[in-house]
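When the letters of the sequence shown are read in order and numbered with my numbering, they come out as residues 15 to 670.
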Amino acid sequence: MTRNDEDPCRVLINTDGSSFSGEITSLMEVLRPLDNPSRESFRDKNAASIAQDDAPRILIVAGPGSGKSFLFMQRIEYWLSLHEEAKVCVTSFVRKLVRDLQAEVGTRIDNEQRDRVAVSTLHSLARSMVEQAHGTETRPFEPHVQVISGTWVNMVWRDVLAFHPRLSARKYAHGSFERQLNTETLDTDSNWADVRETYGVLTTFYNALGFADFIQLAREVIDEKPEINQHVLWIIDEFQDFNTAEEHLIRELVDSALGVVIAGDDEQALYQQLKASLPEIIISYYEDDQYANAMLPYCSRCSYHVCLAASAFIAQERSVNSIDKVYLPLKVDASEPRVQVVATNTPSTAVDYIKKFLDDRSEELAQHIAKMEARDETDPFLLILTPEKRAKFYRTHNADKDLHMYLSQWSAIDIGHSADYRKVLSYCRVAWVPSDNFATRKVLEYQGVSAAGAHELIAYALEHDCSLAEVRDDAISEALTACEGVARIVGSDEISSAEMVGRLNDQIGVGDPQRLRDELERDPIGFLNVDEEAEEAIQTAGVLAAVEMMSIMGSKGLSAQHVIMIGCDEVNLAKTTRLAFFVGITRARKSLHLLVSAKAGGGTTTHQFVQSLPAEHCDFVVYKKTRRVTERMASKSALLARLDQWASIRQRSPRG
15 MTRNDEDPCR VLINTDGSSF SGEITSLMEV LRPLDNPSRE SFRDKNAASI
65 AQDDAPRILI VAGPGSGKSF LFMQRIEYWL SLHEEAKVCV TSFVRKLVRD
115 LQAEVGTRID NEQRDRVAVS TLHSLARSMV EQAHGTETRP FEPHVQVISG
165 TWVNMVWRDV LAFHPRLSAR KYAHGSFERQ LNTETLDTDS NWADVRETYG
215 VLTTFYNALG FADFIQLARE VIDEKPEINQ HVLWIIDEFQ DFNTAEEHLI
265 RELVDSALGV VIAGDDEQAL YQQLKASLPE IIISYYEDDQ YANAMLPYCS
315 RCSYHVCLAA SAFIAQERSV NSIDKVYLPL KVDASEPRVQ VVATNTPSTA
365 VDYIKKFLDD RSEELAQHIA KMEARDETDP FLLILTPEKR AKFYRTHNAD
415 KDLHMYLSQW SAIDIGHSAD YRKVLSYCRV AWVPSDNFAT RKVLEYQGVS
465 AAGAHELIAY ALEHDCSLAE VRDDAISEAL TACEGVARIV GSDEISSAEM
515 VGRLNDQIGV GDPQRLRDEL ERDPIGFLNV DEEAEEAIQT AGVLAAVEMM
565 SIMGSKGLSA QHVIMIGCDE VNLAKTTRLA FFVGITRARK SLHLLVSAKA
615 GGGTTTHQFV QSLPAEHCDF VVYKKTRRVT ERMASKSALL ARLDQWASIR
665 QRSPRG
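Right, here's the structure in full:
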């Protein structure tokens, strides 16, 4: 490694596949003292050099906000110039990242080259392969394979277990079934074999698959018809959250590729429980000398103190097998806000802290909303992160309801379609394509047909090899009549959108008439878009408001100008992993606030994660609702002492 004024550090890529473990300290000694222009210069040079390196396979270790998207675009442009007709595929399972990169490709790649670049979620990619091949020889599917997602997952699983009434729904749960697919480890219990067979029959009948099914079947498609895979240049992002089945599919896809870039960070792994992901997979690739190892050391997302606090936190108790890395702020500015560790004596006071925070920034928030509406900004202004979705630990004096009511004033910026729109789409789908059993099954659910009644209809259709719409039954007749009525309303050119929504409400019920009216005006339903729900289920990340509250787990792939994490006490944060906490705090661009509230679900003091943050990057304050002021504490121990004092008072109180 050489260093001079113009070239302070070598490019961080080891083409021989060796790790950076032995030189992390020396790299820090070189990169930490650089001033801001030198940091930015090295960031750009390092990314450009990695993007244009001749190594056919590269693994990039990249912490939060370290500029992967910038490097991906450079790599794509480099590949397009190098390979005249080769096709590039960029894939990740984080839908927000996919949308943002799709927009960037549309802006930076000229029209002639754009068709050579595909950017999609892994599940969308798998679905397209299944559709092109019409499934496999043993599991054939018709065109327009739909997606079993959301509430329909439970409905389909009920339909499966209805054929096995003696089996326990708890023992034979869908979560267990999906884990078998994700881990590629099938339970050998004969009952499970029967359940899986029934699931296969029903998904063929519905011409629909779940996310894990698409991954499994896509790999089988590639085995049978390798020509389906036309991409020879690959970029795979967020690799730390891939599970065994997904990695198996990727391995098949890139086996004979001309170029492969894999990116991720084992210390941002979140989905071990949700989808059996294995951060050990990316670690094994890092140790594989067939891949050159590269690193992006500077974070351009988080402000100075947030980045350094997060970096110090994740470096503590790092596991022996973790990938050593450099994670430094791109901009050195000690005047930026420190991490605010805030104590309040009640949840209601914590809610008021959030309200005051937004009151003080009303003009800045209004400007941000305007940017979101113009599609110039895709991230929220404020993310309120919580260990659980509904923040039930704020129930004291109904603070949880107060918070939800307060946040409801910020309507979501439309991304994807509402439940009402998708409901109308299903009714129209049945009217226009009566053979669509999955859409018909959805309509039966909308119509209130019982699970037992639906099972009889499904069993009859399977036995007589006909569609649900062909079954002679009053429930089917009523459903078809309703579908024809909805299709007539939607297809009418003689009524206004307001009258259309009114009639739809009379016919099938509408939850949010105004939003449905806006959607129908912007995106009229027609025969050509009846299949949109399937792709939308894979590609969209739901709707986002300028002020958004969600679980820490749900924030993956997002960032915000400001982040407030509530429930940061030893009780409510107890189920949050070290890696999830790291991901949560690194969503913050400008400011990070960690709130711990007395009387919130039994918590009495700050969680150890919060206590382990370096004091030099934190302010410790107490917020008082009466005068809406903060009291700066002299130290971390002073804040803890105040929390202990409140806990002692509660113990002495007759009410506890």
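Glycine is no exception: its CB is placed at the ideal position from the N, C-alpha and C atoms. Keep in mind it's a predicted model, so treat the numbers as computed, not measured.
Note to self: Quick check on residue 420: does DSSP put it in helix, strand or coil?
What the structure shows: The count along the sequence shown starts at 1 and reaches residue 420 at position 406. Shown here, residue 420 sits in a helix according to DSSP, grouped into three states.
Item checked: Spatial distance of residue 601 from residue 154 (CA atoms) -> Stepping through the sequence shown from its first residue, residue 601 is reached at position 587. Stepping through the sequence shown from its first residue, residue 154 is reached at position 140. The alpha-carbon atoms of residue 601 and residue 154 are separated by roughly 43 Å.
Margin query: Across the segment 238-252 and the segment 92-110, are there enough close Cβ pairs to call them in contact, namely three or more that are closer than 8 Å?
Written below: yes
Notebook entry, point to check: Is the segment 270-288 touching the segment 32-41 in the sense that three or more CB pairs, one from each, lie closer than 8 Å?
Noted result: no
Next item on the list: Could you tell me the distance, in whole angstroms, from the CA atom of residue 623 to the CA atom of residue 592?
Entry: Mapped onto the sequence shown, residue 623 falls at position 609. Mapped onto the sequence shown, residue 592 falls at position 578. One C-alpha to the other measures close to 7 Å.
Item checked: Classification of residue 90 by the beta-carbon crowding that lies within 10 angstroms, buried from 16 upward -> Against the sequence shown, residue 90 aligns to sequence position 76. Residue 90 comes out buried.
Next item on the list: Under 8 Å by Cβ, that's how I've got residue 345 and residue 305 pegged, so tell me the actual separation to the nearest angstrom.
Entry: In the sequence shown, counting from the first residue as 1, residue 345 sits at position 331. In the sequence shown, counting from the first residue as 1, residue 305 sits at position 291. Residue 345 to residue 305, Cβ: 31 Å. No contact.
Notebook entry, point to check: Given that a residue counts as buried once 16 or more other Cβ atoms are within 10 Å of its Cβ, and exposed if not, what is residue 199?
Noted result: Along the sequence shown, read from residue 1 onward, the residue named residue 199 stands at position 185. Flag for residue 199 reads exposed.
Margin query: Using CA atoms only, rank isn't needed, just tell me which of 270, 147 and 396 is closest to residue 239.
Written below: Within the sequence shown, residue 239 is the residue found at index 225, counting from 1. The shortest C-alpha separation from residue 239 is found at 147.
Note to self: List, from N- to C-terminal side, the alpha helix (DSSP H) runs of 4 residues or more that fit wholly inside the segment 419-494.
What the structure shows: 433-446, 451-460 and 465-477
Note to self: Quick check on the DSSP output: what are the complete alpha helix (DSSP H) runs of length 4 or more inside the segment 360-422, in order along the chain?
What the structure shows: 361-373, 376-387 and 413-421
Next item on the list: Sort out for me which residues DSSP pairs residue 343 with in a bridge.
Entry: For the purposes of this step, residue 343 is identified with residue 329 of the sequence shown, where counting begins at 1. Answer is 313.
Next item on the list: Please confirm if the segment 401-416 is in contact with the segment 445-461, defined as three or more CB-CB distances below 8 Å between the two stretches.
Entry: Contact between the segment 401-416 and the segment 445-461 is not established, with fewer than three Cβ pairs separated by less than 8 Å.
Notebook entry, point to check: To the nearest angstrom, how far is it from the Cα of residue 589 to the Cα of residue 168?
Noted result: As a working note, residue 589 is residue 575 in the sequence shown. As a working note, residue 168 is residue 154 in the sequence shown. Straight-line Cα distance between these residues: approximately 25 Å.
Notebook entry, point to check: Who are the Cβ neighbours of residue 16 in its own chain at under 7 Å, not counting the five residues just before and after it?
Noted result: Residue mapping note: residue 16 aligns to position 2 of the sequence shown, counting from 1. Low confidence applies to residue 16: its pLDDT is 39, below 50, so where it sits in the model is not reliable, and the reading given next is rough at best. For residue 16, where only same-chain residues beyond five positions count, the Cβ hits under 7 Å are 24.
Check: Are the CB atoms of residue 564 and residue 608 nearer to each other than 8 Å?
Finding: The residue labelled residue 564 in the question sits at position 550 within the sequence shown. The residue labelled residue 608 in the question sits at position 594 within the sequence shown. Not a contact, by the Cβ cut-off of 8 Å.
Next item on the list: Have a look at 371, 309 and 453 and flag the residue whose alpha-carbon is nearest the alpha-carbon of residue 79.
Entry: Here residue 79 is taken as the residue at index 65 of the sequence shown, counted from 1. Residue 309 holds the alpha-carbon nearest to the alpha-carbon of residue 79 among 371, 309 and 453.
Next item on the list: Indicate the three-state DSSP secondary structure (helix, strand or coil) for residue 335 in the structure shown.
Entry: Within the sequence shown, numbered from 1, the residue matching residue 335 stands at position 321. Note: residue 335 maps to coil in three-state DSSP.
Margin query: Does residue 535 come out as helix, strand or coil in the three-state DSSP assignment?
Written below: As a working note, residue 535 is residue 521 in the sequence shown. Note: residue 535 maps to helix in three-state DSSP.
Notebook entry, point to check: Measuring CB to CB, does residue 284 end up less than 8 Å from residue 76?
Noted result: In the sequence shown, the residue the question calls residue 284 occupies position 270. In the sequence shown, the residue the question calls residue 76 occupies position 62. Against a cut-off of 8 Å, the Cβ pair of residue 76 and residue 284 comes out as no contact.
Margin query: Could you check whether the segment 472-480 touches the segment 506-525, counting it as contact only if at least three pairs of C-beta atoms, one from each stretch, sit closer than 8 Å?
Written below: no
Check: In the segment 26-54, which residue ranges form an unbroken beta strand (DSSP E) of at least 3 residues, counting only runs that do not cross its ends?
Finding: none
Check: Between which two residues does the beta strand (DSSP E) harbouring residue 609 extend?
Finding: As a working mapping, residue 609 is identified with position 595 in the sequence shown. Residues 602-611.
Next item on the list: Would you kindly report the start and end of the unbroken beta strand (DSSP E) that includes residue 330?
Entry: To locate residue 330, count along the sequence shown from 1; it is residue 316. Taken as a continuous stretch (DSSP letters only), residue 330 belongs to no beta strand (DSSP E), as it is neither H nor E.
Check: At which residue ranges does the segment 179-224 contain complete beta strand (DSSP E) runs of 3 or more residues, listed in the order of the chain?
Finding: none
Check: Going by the beta-carbon positions, is the gap between residue 653 and residue 357 smaller than 8 Å?
Finding: Walking along the sequence shown from the start, residue 653 turns up at place 639. Walking along the sequence shown from the start, residue 357 turns up at place 343. For residue 653 and residue 357, yes; Cβs fall inside 8 Å.
Note to self: Can you check which of these residues, 523, 567, 642 and 630, is closest to residue 397 by C-alpha distance?
What the structure shows: As a position in the sequence shown, residue 397 is number 383, starting the count at 1. Nearest option by C-alpha distance: 567.
Note to self: Suppose the cutoff is 6 Å on Cβ atoms and the five residues either side in sequence are ignored; what does the same chain contact list for residue 171 look like?
What the structure shows: Reading the sequence shown from its first residue, position 157 is the one you call residue 171. If we look at residue 171 and ignore the five residues flanking it on each side, its Cβ neighbours are 188.
Next item on the list: Classify residue 380 as buried or exposed, calling it buried when 16 or more other Cβ atoms lie within 10 Å of its own Cβ.
Entry: Here residue 380 refers to the residue found at position 366 when the sequence shown is read from its first residue. Per the 10 Å Cβ criterion, exposed.
Check: Alpha carbon to alpha carbon, how far is residue 242 from residue 149?
Finding: Indexing the sequence shown from 1 puts residue 242 at position 228. Indexing the sequence shown from 1 puts residue 149 at position 135. So the alpha carbons of these two residues sit roughly 12 Å apart.
Notebook entry, point to check: According to the neighbour-count rule (16 or more other Cβ atoms, all chains shown, within 10 Å of its Cβ), is residue 11 buried or exposed?
Noted result: Residue 11 falls outside the range modelled here, since the chain spans only 15 to 670, and no answer is possible.
Note to self: Assuming contact is defined by CB atoms lying nearer than 8 Å, are residue 581 and residue 371 in contact in what I supplied?
What the structure shows: As a working note, residue 581 is residue 567 in the sequence shown. As a working note, residue 371 is residue 357 in the sequence shown. No.
Next item on the list: Report yes or no: do three or more beta-carbon pairs, one from the segment 290-305 and one from the segment 52-64, lie closer than 8 Å?
Entry: no
Notebook entry, point to check: Between residue 632 and residue 353, what straight-line distance do the alpha-carbon atoms span, to the nearest angstrom?
Noted result: Here the question's residue 632 lines up with position 618 in the sequence shown. Here the question's residue 353 lines up with position 339 in the sequence shown. So the alpha carbons of these two residues sit roughly 5 Å apart.
Notebook entry, point to check: Thinking C-beta only, is residue 434 closer than 8 Å to residue 365?
Noted result: To locate residue 365, count along the sequence shown from 1; it is residue 351. To locate residue 434, count along the sequence shown from 1; it is residue 420. Contact: no.
Check: Taking Cβ positions, are residue 92 and residue 65 nearer each other than 8 Å?
Finding: For the purposes of this step, residue 92 is taken as the residue at position 78 of the sequence shown. For the purposes of this step, residue 65 is taken as the residue at position 51 of the sequence shown. Yes. Within cutoff.
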